[in-house]
Structure formats: structure tokens, C-alpha cells
Amino acid sequence: MNRPAAPRIRRLTPTVALGAAALLALSACSSGSSDTADSSSGSSGKLTKVTLALDWTPNTNHTGIYVAQQDGWFKAAGIDLEIVPYGSTAPETLIAHHKADFGISYQEGVTTARAAGQDIVSVYAVTQKTNVTISVRADRDDITSPKDLDGKTYAGFGAAYEAPLLKKVIQNAGGKGDFKNVTLSTSAYAALYAGKADFAMPMPTWEGLEAELSGKPLKDFRLSDYGFPQIYSTLIASSGTYLKDHGDIAKKFLSVVQRGYTYAADHPAEAADKLIAANKSVLTNTELVDKSEKLLADEYYRNEDGKTGVQTAARWKAFADFEYQAGLLTDDNGKKLTAAPDTSGYFTNDYLPQG
């Protein structure tokens, strides 16, 4: 059975700059607020085009977007939404170079890009807690805590922040933080059950469920249980330029987005059906989608106050401080930062519906 590729922890650090040829190649999805005719858009007959770049193949992290699109909520708000499929260029790069109005991103991606001087800002937190865990085979009785991972082999994605993150968690659990590192070339659970590695960092809302459905369950250790700050694993970002020039459109767009994710949180089964209907050729494992959507609705879409979309300054500062201390942040010249960045401008709640 064909299955969509699993959402990643995710990609390597976004490129700081694009060559002229690459920028020209991106012109097909250039930013802007051009109007297009549509008979359903009201008396003016005009819709404002808005582009959203995906970070991966359609999956349950994107459900709120597809719910709103399937039910015509974007058009009702005067928006002609163009969903840009994931390609070779990261959404962060498209946003920063103003080739996409919005994009699906993650906290590490935005933090790294902003530190390097790129024009990008997080405007909506899709997941309100860290959507990645340290995982081992469920039958590994010799591993009961991250401290037991000393000397073991980690199957990773090649991102710079993985090793220092794991070292910190293992040390916080009482270990030394010494382990071997290999780059993942297959799914996390497949690598673990094939004996190619001892632990990995899959998403419990997708690959963890996929492992369970495949009869290869995983045992998880949540990062936050061992002193690592919570992360916005999936978010929506825009650019300061777009928000300044099209603030009213951004508010309309995010109002619809929040409506979509609130619906998904309240009606996970129906939301899963709408996501599948919009992506039938990709999302063929309906049981996986249903289970993923329910888990996201139960634990991830809302914060402890029951709100969707909102972000906190404390969480942005905590993660940036970790990256700075680990020597992972560089400026626009590629030099390591000499002070922790001010993250107050890395995110905003100003474009979310009030109340």
C-alpha cells in the first residue's frame, strides 16, 4: 500500500541566500496580492491570491488548511489560496525571498533563518507541544531511560541541532551523552527493527502510529520530561515585508486558518475525511490518518488554556538560548553569534483573531 512520506523532524538548515538563477526559477510562485475573478467572492467578483508553501507531502500537520479550503472558507473571506507543493526549495527560503506569502515551518527553521538575518516570522503555532520523541523498540528492556542511550547508535536526519539536543537530554537523565550517529535512510522504526540503530527521533503523531500499525511499536521518551524546552514543531510563517504590506489580508488568512484547526481539534474524524478527500492519491492509509488526527486533536492542537495558534515569548527564548549555547546560530556572514539573539521579533500573535 502506498503511504505518504512521514513528516520530518525536519530538513537541514535553510539556505541563507539563493543564486540569481534559483530566484528566477521560483518566479512561478512569487508573492503578491493579485486579484483573480471568481463569481463566488461577493459583489466585487474578486479574490486576493495568497500562496502557502508546504514543508512536506500533505499530512495531518496541514489538516486545518485543507479543512478550510474544502469547505470554501478561504473564498468566503475573499482569498484565493494557492498551496505550493513541497519541492527542492525550503519554505523558509521561499518566504524570506518573498516568493511565498506563508509557509509551513518549524521553530528551529525560523530561529536559524532569523539569526542569519532572513525576513521570516512565525505567525501561527499548529502544534502546541513538541511533536517529536526519542524512541526505541518497544521490546528493548535494556533501555528504560535516555541515560541508557550512552554508547548506543542514533539514526538521525543530518540536522546540526540533533546531536546537541540528544546530548542534553541524555545528560539531564543522568547519562554522559556519548553516542554514535548515523544518517537515517529509511523510516525510524524500520531502522530500529532492522538493527541498524538503537534509537531515533520520529514524530509520535505519524511515524509512531505507523510503527504501531505495522506491528513494530516504539517506546517513547518525551524531550520535555528530561528538561528540554518545548518546541513549536509545526508552525506557519510569513515575512515582515508581507505582514507590513498586507496586514489586513494576513489577518483574514489566519482567521480562516484558526477556524480550520479549531474544527480539526473539535471534529478530528470529520477533519481527517476532508484532508483525505483533498489528497486521495497521497493519503491512502486512512487508518493512519484517522489515528494521527485524533492524537493531534487530543494532545497537540490546543495549549493548556485550550487555545489554538498562539505562541509565547518564553518558549522562543528558551529554544534560541539552547541553540546559541550549542553554537548552532550564525549571522548573515556565516559567523557564530557572540550573544544570544533577541527573539521578540521571531514570532507574533498580532494577526490572530482577538479573543
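Our numbering applies: residue -17 is where the sequence shown begins, and numbers increase by one. Beta carbons are placed, not taken as given, at the ideal position from N, Cα and C, and that holds for glycine.
Measure the C-alpha to C-alpha separation of residue i and residue j and round it to an integer number of angstroms.
i: Ala59; j: Leu334; result: 15 Å
i: Ala321; j: Thr294; result: 21 Å
i: Glu144; j: Gly138; result: 7 Å
i: Pro199; j: Tyr175; result: 10 Å
i: Ser326; j: Phe304; result: 16 Å
i: Phe181; j: Ile116; result: 7 Å
i: Thr18; j: Asp132; result: Summary for Thr18: the model assigns pLDDT 48, below 50, so the residue's position carries little reliability; its value from the coordinates is reported in the next sentence. Going from the Cα of Thr18 to the Cα of Asp132 covers about 58 Å.
i: Thr165; j: Gly140; result: 6 Å
i: Val66; j: Thr94; result: 22 Å
i: Leu5; j: Ala82; result: The pLDDT assigned to Leu5 is 42, lower than 50, so where the model puts this residue is not dependable, and the model offers no usable value.
i: Gly190; j: Tyr171; result: 8 Å
i: Pro323; j: Gln240; result: 29 Å
i: Tyr282; j: Thr216; result: 10 Å
i: Ala120; j: Asp130; result: 14 Å
i: Arg204; j: Leu29; result: 44 Å
i: Ala246; j: Asn163; result: 37 Å
i: Ala193; j: Asp227; result: 45 Å
i: Ala251; j: Asp272; result: 6 Å
i: Asp160; j: Pro146; result: 10 Å
i: Gly309; j: Ala302; result: 11 Å
i: Thr42; j: Ala254; result: 8 Å
i: Gly288; j: Ala232; result: 23 Å
i: Asp314; j: His80; result: 17 Å
i: Ile152; j: Arg96; result: 28 Å
i: Met185; j: Ala179; result: 17 Å
Quick one, which of the options has its alpha-carbon nearest residue i's?
i: Ser221; options: Gly99, Ser70, Trp188; result: Gly99
i: Val238; options: Leu265, Thr290, Glu281; result: Thr290
i: Ile258; options: Gly46, Ile213, Trp55, Ala296; result: Gly46
i: Val346; options: Thr135, Ile102, Phe304, Ala141; result: Outside the displayed range of the chain (-17 to 337) lies residue 346, so it cannot be described from this structure.
i: Ile218; options: Thr30, Ser196, Val151, Gln89; result: Gln89
i: Thr126; options: Gln240, Leu34, Gly156; result: Gly156
i: Gln212; options: Ser274, Ala107, Asp160; result: Ala107
i: Gln340; options: Lys273, Asp207, Ala260; result: Shown here, the chain extends from -17 to 337; a query on residue 340 therefore has no answer.
i: Glu275; options: Thr33, His44, Leu29, Asp332; result: His44
i: Phe210; options: Lys31, Asn113, Leu34; result: Asn113
i: Asp123; options: Leu236, Lys201, Gln110, Ser196; result: Lys201
i: Glu64; options: Ala35, Ala78, Ser87, Ser263; result: Ala35
i: Glu269; options: Gly85, Trp188, Tyr328; result: Trp188
i: Leu311; options: Val92, Asp37, Trp38; result: Val92
i: Tyr48; options: Lys150, Leu265, Asn315; result: Leu265
i: Glu286; options: Arg96, Lys111, Ala254, Tyr68; result: Lys111
i: Tyr328; options: Asp230, Tyr68, Ser87, Phe56; result: Ser87
i: Thr39; options: Tyr68, Gly54, Asp53, Lys57; result: Tyr68
i: Thr244; options: Ile231, Asn267, Leu278; result: Leu278
i: Ala148; options: Lys178, Asp207, Val292; result: According to the sequence shown, residue 148 is Leu rather than Ala. Ranking the options by Cα distance to Leu148, first place goes to Asp207.
i: Ser169; options: Ser196, Lys262, Lys150; result: Ser196
i: Leu236; options: Thr330, Ala78, Ser263, Pro128; result: Thr330
Check for me: the alpha helix (DSSP H) holding residue i runs from which residue to which?
i: Phe235; result: 229 to 248
i: Glu305; result: 295 to 307
i: Leu277; result: 268 to 281
i: Asn261; result: From DSSP, Asn261 is part of no alpha helix (DSSP H); its letter is neither H nor E.
i: Leu76; result: 73 to 78
i: Tyr143; result: Looking at the DSSP string, Tyr143 is not in any alpha helix (DSSP H), and its letter there is neither H nor E.
i: Gly156; result: Unbroken run through Gly156: none, as it is neither H nor E.
i: Tyr175; result: 170 to 175
i: Thr45; result: 45 to 52
i: Ala98; result: Premise fails: Ala98 is in no alpha helix (DSSP H) and is neither H nor E.
i: Trp339; result: The question about residue 339 has no answer, for the chain in this structure spans -17 to 337.
Based on DSSP bridge pairs, tell me the residues matched to residue i.
i: Asn163; result: Tyr136
i: Glu194; result: In the DSSP output, where bridge partners are listed per residue, Glu194 has none listed.
i: Asp202; result: Ser117
i: Tyr106; result: Ile218
i: Lys318; result: Thr312
i: Phe329; result: Ser104
i: Ala182; result: Ser117, Ala137
i: Arg284; result: Thr290
Kindly indicate the opening and closing residues of the beta strand (DSSP E) around residue i.
i: Gly291; result: From DSSP, Gly291 is part of no beta strand (DSSP E); its letter is neither H nor E.
i: Leu29; result: 28 to 35
i: Val66; result: 61 to 66
i: Ile86; result: 84 to 87
* Touching or not, the region 207 to 225 and the region 95 to 115, by the rule of three or more beta carbon pairs under 8 Å? -> By the Cβ test, the region 207 to 225 is in contact with the region 95 to 115, since at least three Cβ pairs between them sit closer than 8 Å.
* Does the count of Cβ pairs from the region 298 to 317 and the region 65 to 80 closer than 8 Å reach three? -> no
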